[in-house]
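Enquirer:
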Amino acid sequence: MSIIRPALYVVATPIGNLGDMSQRAREVLAAVDRVAAEDTRHSGRLLSHFGIATPLMSLHEHNEAQRTETILARLAAGEAVALISDAGTPLISDPGFVLVRAVRAAGFAVLAVPGPSALVAALSIAGLPTDRFVFEGFLPAKAGARRTRLEAVAREPRTLVFYESPRRVADTLAVMIDVFGTEREAVLARELTKQHESVTSGDLAVLRAAWLGDAEAQRGEVVLVVAGAPDERGAELDAESRRVLDVLRKALPVKQAAALAAQITGAKKNALYQYALKVARDE
Ligand code: SAM
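Numbers 818 to 1100, taken from my numbering, label the letters of the sequence shown in order.
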């Protein structure tokens, strides 16, 4: 295949099932001059599985700045370099940001060879809204910081996606129950595309009980997909109260509009007031 030189190719690799390696990923990895990989031993096995003999160099979170200089020099010499991570799409909770930013800033081409990512794989099967979502990556390891991060997204209406270590799933679910409430719907996607793949859905309490009840399943890689916070805007107001308020608030200050709408419709003044404030903020 024809390769652009110089260029950096950002290549996605399987998240477990080698059958997900794309034809283009194989061709690009075979054609470039060098492959930068998080763990060269791990990726060496992947490349040799596909009969690819391109030399590897390491690029991980501890040497990314230094390796970026090396790769820039290779690009300046006219080479094509590929970046892969241990699994899935580089830069998605994986190294590569420093490199991609520097290569773009230096004016070289950066080309995507898209493919698997646990984030998209989990979202695609979770059965939760996918039109808008928030990827939170890994939560902080320390309990206090983890809770603070979850509190910051407690009212987030978009679907939330988290990567989580199996060692912390039970604790994280406990804090989520505390912060989001037991009834928030969620999906725990485990070992996607692999032999022991499993997907559990239900509210957070159900998920935690299922996780604790299955020692066998408490291993492997996990994505947690959590429904966004319910839209409370005007939830307790009927359509007619909202309609009356919408008319009044266009002509009157919010407080007066809410008071008048309460008199007309019999709805609670404070609920109308809060609703009017939120609508005004969103406009
Ligand atoms: N770059 C990767 C991607 O595109 O998905 C993610 C790398 S991140 C270091 C690894 C995390 O991704 C795991 O801890 C887990 O949360 C998630 N993950 C990766 N492979 C997975 C799989 N097969 N099933 C479920 N989660 C997976």
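Using N, Cα and C, we set each Cβ at its ideal position, and we do this for glycine too.
Put G836 into one of helix, strand or coil per three-state DSSP.
Expert: Reading the sequence shown from its first residue, position 19 is the one you call residue 836. Correct three-state label for G836: helix.
Enquirer: With DSSP as the reference, identify every bridge partner of F955, one or two as the case may be.
Expert: Within the sequence shown, the letter at position 138 stands for residue 955. Answer is Y980, bridged to F955.
Enquirer: Among the candidates P931, V845, D837 and A1022, whose CA atom is the shortest distance from the CA of M818?
Expert: Mapped onto the sequence shown, residue 818 falls at position 1. Of the listed residues, the one whose Cα sits closest to M818 is V845.
Enquirer: Among all the DSSP beta bridges, which residues are the ones paired with A890?
Expert: In the sequence shown, the residue the question calls residue 890 occupies position 73. Looking at the DSSP assignment, A890 forms no beta bridge with any residue, so it has no partner.
Enquirer: Go ahead and label I832 buried or exposed: buried means 16 or more other beta carbons lie within 10 angstroms of its beta carbon, across all protein chains shown.
Expert: Numbered from its first residue, the sequence shown carries residue 832 at position 15. Classification of I832: buried, given that the 10 Å Cβ count is 16 or more.
Enquirer: Strictly by DSSP, which residues pair up with T989?
Expert: For the purposes of this step, residue 989 is taken as residue 172 along the sequence shown, with counting starting at 1. DSSP lists no partner for T989.
Enquirer: At a cut-off of 7 Å, is G905 close to the ligand SAM when judged by its beta-carbon and the heavy atoms of the ligand?
Expert: Reading the sequence shown from its first residue, position 88 is the one you call residue 905. Yes - the ligand SAM has a heavy atom lying nearer than 7 Å to the Cβ of G905.
Enquirer: Rounded to the nearest angstrom, what separates R858 and T976 at their Cα positions?
Expert: Counting from 1 along the sequence shown, the entry for residue 858 is found at position 41. Counting from 1 along the sequence shown, the entry for residue 976 is found at position 159. Looking at the two C-alpha atoms, the distance is approximately 36 Å.
Enquirer: Answer yes if the region 990-1004 comes into contact with the region 939-959, meaning at least three C-beta pairs across the two stretches below 8 Å, and no otherwise.
Expert: Yes, they touch.
Enquirer: Hey, quick one: how far does the beta strand (DSSP E) through D1020 stretch, first residue to last?
Expert: Position 203 of the sequence shown, counted from the first residue, corresponds to residue 1020. Where D1020 is concerned, the enclosing beta strand (DSSP E) stretches over S1015 to D1020.
Enquirer: Could you name the residues of the same chain whose beta carbon sits closer than 7 Å to that of F867, not counting the 5 residues immediately before and after it, in chain order?
Expert: Numbered from 1 along the sequence shown, position 50 holds the residue referred to as residue 867. Excluding residues within five positions, the ones whose Cβ falls inside 7 Å are M838 and R843.
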